[in-house]
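The listed protein sequences correspond, in order, to chains A and B. Going by this note's numbering, 259 is the number at position 259 of the first sequence; the sequence numbering is gapless. Going by this note's numbering, 56 is the number at position 56 of the second sequence; the sequence numbering is gapless. Okay, structure first, notes after.
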Amino acid sequence: MSILLTVVSLMYLVSAACYVIGLHMMRTPKTARNGNRVSGVGMIIAVIMTLLVAISQKEATMTGGIILVIGLVLGLGYGAVRARTVEMTDMPQLVSLFNAVGGGAAAAIGAFDYLSKSTGSTLSFAFSFPVALDLVIGGITFSGSLIATGKLAGKISGKPITFPGAKVANALVVLVILVSVVLTIGFAVNPSWLILIICASLLFGILMTIPIGGADMPVVVSLLNAFTGLAVSMAGFVIDNQALIIAGALVGAAGTILTLQMAAAMNRSVLNIIAGGFGTDDSKGASTEEVPVNVKETTADDVGVQLAYAANVMIVPGYGLAAAQAQHEVSELANLLTDHGINVNYAIHPVAGRMPGHMNVLLAEVNVPYDQMKQLEEANSMFENTDVSLVIGANDVTNPAARRQGTAITGMPILDVDKSKSIVVIKRSMSTGYAGIQNELFSEDNTHMLFADAKKGLQDIIASTKEYLDE
Amino acid sequence: MSQELYTNVAIFVMSVLVGFEVISKIPATLHTPMMSGANAIHGAVVIGAILIALEAQSPLFYGLAFIAVFLGSVNVAGGYVVTDRMLTMFSKPKKPKNESDDGGDK
């Protein structure tokens with residue numbers, strides 16, 4: 001090993017250590033930002049070392065160098081600009097886009113190395129196996145994440161898109177993928193296998209993501225994050241680079257854990273989610289037993305009275321709040337109440353929002369103190385002493401039907417909002433959530449509905465609460 | 001099994017285990033920044049992209065290398081910048097509390 005390569009290898013190790021330490025520091029909000037920077041420093045070290053190798057390499061062509069520089073400048077510029085300008089509510093689609101590009105890059109590396117072997121030559125298993133996996137996982141992640149990005153951005157319908165024969169089509173595509181993997185691994189190099197494997201994987205990515213409903217997006221985005229990590233790791237095996245193997249494996253593990261946690265928070269298996277929306281769930285069926293809906297409507301003025309005379313208020317934010325971008329109004333109301341000595345907390349369900357922990361980011365954006373954000377278990381222990389629960393755009397995660405047998409959401413961990421003394425639900429209409437069943441919470445005796453857009457409703461409540469507090 | 005392959009597989013397995021260990025202790029509140037931070041880490045793919053760009057000798061390979069470098073650098077730059085932006089929001093919540101004590105919500 002030359003001196004340069006030794007130094008580079010050692011610095012790769014340093015950068016790997018930086019990623020681990022950085023992730024470790026993300027455990028508490030206090031050190032999280034520095035954690036990300038430690039990880040970033042590791043990345044800069046690794047990239048600089050790689051560029052050193054690049055400069056020292058004699059056989060590189062001029063064109064290759066120019067392409068490298070142009071690609072780096074354009075890519076870094078585009079990525080940084082998008083990241084600087086994105087709205088916090090649009091964060092999920094950006095993260096999903098970064099999954100797509102990571103998977104795409106990994107697949108391109110795999111394709112490059114496979115094609116650089118001469119046609120007809122036989123490959124060692126140690127090379128062909130990771131190449132095949134890299135192409136399959138990278139391809140699925142690329143197209144799947146792009147579809148997810150489109151769904152999260154609202155460019156593609158967030159509703160599950162299904163078509164007759166979808167299951168058959170899926171099975172066929174999976175079969176083609178398996179065959180092409182076998183061809184790539186077991187047979188001599190042939191560009192046709194490569195084209196087959198890439199096309200089938202891209203197609204499967206699309207088929208896998210289009211039938212998934214908006215509420216399942218947190219699970220899918222984390223799953224695709226894990227996939228991207230794996231693809232990058234496989235690309236590392238292909239080009240025999242440990243920096244890629246380590247980084248990819250770390251992300252693969254992170255994504256897997258999140259995926260399992262999200263799926264558990266919805267009481268569904270990952271397979272069940274990938275297989276399609278709630279409607280396609282055969283075991284429970286769409287037996288929408290009609291719940292008597294005797295709903296009591298209320299006014300912003302009445303909600304103002306309730307809040308002004310409460311001691312403990314719990315805000316339950318959901319997808320509707322994110323969609324209406326009403327986080328500023330929520331914090332304005334909360335500040336108004338806390339300034340008058342009223343205790344305000346937020347009950348955050350693990351799958352509230354559109355990606356894991358999304359709601360926390362939105363609330364942090366508007367300066368909600370970290371200690372007011374209560375996670376599921378802690379929040380549930382507080383509802384009994386809550387005077388008013390303000391449910392904003394959350395639905396299925398508050399439905400007490402989850403405690404009974406035989407409903408579409410049976411067993412799903414929910415927020416026990418119904419235990420609080422009074423409940424106000426801000427919602428645009430009586431339309432159902434993603435589970436497609438009526439929320440029994442809405443017909444409870446102590447529940448009142450305020451039919452309004454989250455933003456508009458909150459503005460009215462703020463106005464009326466002010467009047468009563470000032471009296 | 002060659003020595004190199006064994007080493008790589010060992011590194012892979014250990015990294016997965018370290019990943020599980022480190023990530024499973026992150027609170028739900030920080031899930032989005034953590035995911036975005038992990039997202040930035042898989043931007044390490046740009047390292048591989050740089051390396052293949054130097055081996056490219058013909059138009060097809062230039063094309064593939066360009067795709068890899070461009071996508072990889074979008075990933076790495078965007079990932080770190082957006083995570084940093086998100087985490088700025090988590091590190092500031094103490095201020096408004098003090099401000100509101102001083103009076104007013106401005």
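We put the CB at the ideal spot given by N, CA and C, even for glycine.
Check: According to DSSP, is Ser422/A helix, strand or coil?; Outcome: strand
Check: Give me whichever residues DSSP pairs with Leu375/A in a beta bridge.; Outcome: First, the residue type needs correcting, since residue 375/A is Gln and not Leu in the sequence shown. In the DSSP output, where bridge partners are listed per residue, Gln375/A has Ile348/A.
Check: The alpha helix (DSSP H) that contains Ile274/A, what's its start and end?; Outcome: 270-274
Check: Residues in the same chain with beta-carbon distance under 8 Å from Ile206/A, minus the five sequence neighbours each way, listed in chain order, please.; Outcome: Ser143, Gly144, Ile147
Check: Using a Cβ cut-off of 7 Å, pull out every chain B residue sitting near Glu365/A, in sequence order please.; Outcome: Met89
Check: Please list the partners that Ala379/A has in chain B, where partner means a Cβ-to-Cβ separation under 7 Å.; Outcome: In chain order: nothing, as chain B lies at least about 11 Å away.
Check: So, is Asp470/A buried or exposed, given that buried needs 16 or more other C-beta atoms within 10 angstroms?; Outcome: exposed
Check: What's the C-alpha gap between Ile67/B and Asn360/A?; Outcome: 35 Å
Check: Residues of chain A with CB closer than 7 Å to the CB of Gln57/B, please, in chain order.; Outcome: Thr61
Check: If you draw a straight line from the alpha carbon of Val14/A to that of Val9/B, how long is it in whole angstroms?; Outcome: 19 Å
Check: Assign Glu378/A to buried or exposed, taking buried as 16 or more other Cβ atoms, counted over all protein chains shown, within 10 Å of its Cβ.; Outcome: exposed
Check: At the 7 Å Cβ level, is Ala10/B part of the contact set with chain A, yes or no?; Outcome: no
Check: Beta-carbon separation of Gly79/B and Phe227/A under 7 Å?; Outcome: no
Check: Roughly how many angstroms separate the alpha carbons of Ala235/A and Phe112/A, rounded to a whole number?; Outcome: 10 Å
Check: Is Val8/A helix, strand or coil when you go by DSSP?; Outcome: helix
Check: Helix, strand or coil for Lys117/A per DSSP?; Outcome: coil
Check: If you run the structure through DSSP and keep just helix, strand and coil, what is His448/A?; Outcome: strand
Check: Thinking C-beta only, is Pro400/A closer than 7 Å to Glu440/A?; Outcome: yes
Check: Are the Cβ atoms of Ser201/A and Val136/A separated by less than 7 Å?; Outcome: yes
Check: Can you tell me where the beta strand (DSSP E) with Met430/A in it begins and where it stops?; Outcome: Careful: Met430/A lies outside any beta strand (DSSP E) and carries neither H nor E.
Check: State yes or no: is the C-beta of His31/B within less than 7 Å of the C-beta of Pro356/A?; Outcome: yes
Check: Helix or strand or just coil, what does DSSP make of Thr56/A?; Outcome: First, the amino acid is wrong: residue 56/A is Ser here, not Thr. It is helical.
Check: Please state whether the Cβ-Cβ distance between Ser118/A and Thr184/A is less than 7 Å.; Outcome: no
Check: Whose C-beta lies closer than 7 Å to the C-beta of Ile21/A among residues of the same chain, with five residues either side of it excluded?; Outcome: Val38
Check: Please confirm whether Tyr62/B has its beta-carbon closer than 7 Å to some beta-carbon of chain A.; Outcome: yes
Check: Classify Tyr6/B as buried or exposed, calling it buried when 16 or more other Cβ atoms lie within 10 Å of its own Cβ.; Outcome: exposed
Check: Could you tell me whether the Cβ of Tyr6/B comes closer than 7 Å to any Cβ of chain A?; Outcome: no
Check: Can you look up Pro317/A in the DSSP assignment and give me helix, strand or coil?; Outcome: strand
Check: Closer than 6 Å by C-beta to Gly216/A: which residues in its own chain qualify, once you throw out the five before and the five after it? Chain order, please.; Outcome: Here the sequence assigns Asp to residue 216/A, which means Gly is not the residue at that position. The residues are Ile273.
Check: What is the rounded straight-line gap between the Cα of Val173/A and the Cα of Leu203/A?; Outcome: 7 Å
Check: Going by DSSP, what residue range makes up the alpha helix (DSSP H) through Ile11/B?; Outcome: 3-23
Check: For Asn343/A, which of helix, strand or coil comes out of DSSP?; Outcome: strand
Check: Name the chain B residues whose beta carbon is nearer than 8 Å to that of Gly240/A?; Outcome: According to the sequence displayed, residue 240/A carries Asp and not Gly. Within 8 Å Cβ-Cβ: Glu4, Asn8.
Check: In chain B, what lies closer than 8 Å to Thr268/A by C-beta?; Outcome: Residue 268/A is actually Arg in this sequence, not Thr. Chain B residues near Arg268/A: none, gap ~18 Å exceeds 8 Å.
Check: Among the candidates Ser73/B, Ser36/B, Gly63/B, Pro59/B, whose CA atom is the shortest distance from the CA of Met86/B?; Outcome: Ser36/B
Check: Out of Gly406/A, Ser443/A, Gln438/A, state which residue places its alpha-carbon closest to the alpha-carbon of Ser422/A.; Outcome: Ser443/A
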